[in-house]
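One structure is given here, and the rest of the page talks about it.
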Amino acid sequence: MAKKNPNLIILSSGEAFQPFRYSVGVYGSRFFYELKENKKFFGVRCPVCRKVYVPPRPLCGPCYRLMDEWVEVGPLGTILSFTILRFAFIDPETGQKKPVPYGYGFIRLDGADTNLQHFLELPKNSAIAIGSRVRPVFQEPRQGNLKDIAYFEIVGG
Ligand SMILES: [Zn+2]
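And the structure:
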């Protein structure tokens, strides 16, 4: 018989409350601190291949080198790929259906070599496309997590 997990509280069928706190580590803390306090994006650069990772992480996988050169990137970026969601599903963060349609895509912030995945506002008067330039729209108040960015919007859209 499986041992019962004392930290997992079943509220009702399909719902579970997990009272855990998760540490994002030193690199994640710096990233989210700058996002929350200064609305800035920071990554780290590999000393060997010069690749800039955003969000930051301690090691460059291919080079297996510690990265400690912090680099400000963005806030403007470019859409590398996207999809438009037209079917409402339950948002695991809120438990509510997220109004549709909305976009979701990979965004390459200026100066970064990796991508962020985030929501995209669908422009009313212009098209969304691969290569579209975007900027972040921040939530207020910010809390130091990726939801501090409400979505990215098309520049000039
Ligand atoms: Zn590297």
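Whatever position you read off the sequence shown (first residue = 1), add 842 for my numbering. A virtual CB, placed ideally from N, CA and C, is assigned to each residue, including glycine.
- Excluding residues up to 5 positions away in sequence, LYS878, ASP990 lie with their Cβ nearer than 6 angstroms to the Cβ of ARG984 in the same chain.
- Following the DSSP letters along the chain, one finds VAL868 inside the alpha helix (DSSP H) bounded by residues 867-880.
- Its chain contains PHE883, GLY885, VAL915, LEU951, ALA954, THR956, LEU958 as the residues whose beta carbon lies nearer than 7 angstroms to that of VAL896, once the 5 sequence neighbours on both sides are disregarded; these appear in chain order.
- Here ASP933 has LYS940 as same chain residues with Cβ atoms under 6 angstroms from its own Cβ, once five neighbours each way along the sequence are excluded.
- Shortest gap from the CB of ARG899 to any heavy atom of ligand 1: 7 angstroms or more.
- Here PHE924 has GLY945, TYR946, GLY947, PHE948, LEU962, ILE970, ILE972 as same chain residues with Cβ atoms under 8 angstroms from its own Cβ, once five neighbours each way along the sequence are excluded.
- Straight across, the Cα-Cα distance linking PRO943 with LEU964 is about 8 angstroms.
- Remark: the shortest separation between the CB of ARG907 and any heavy atom of ligand 1 falls under 7 angstroms.
- Relative to ligand 1, VAL997 has its C-beta separated by 7 angstroms or more from all heavy atoms.
- For THR920, DSSP records a beta bridge to ARG950, ARG975.
- Of the candidates VAL894, PRO898, PRO889, ILE996, PRO898 places its Cα closest to the Cα of VAL868.
- In this structure, the CA atom of THR936 is about 13 angstroms from the CA atom of ALA930.
- Collapsing the DSSP output to three states places LYS989 in a helix.
- The bridge partners DSSP lists for GLN959 are PHE948.
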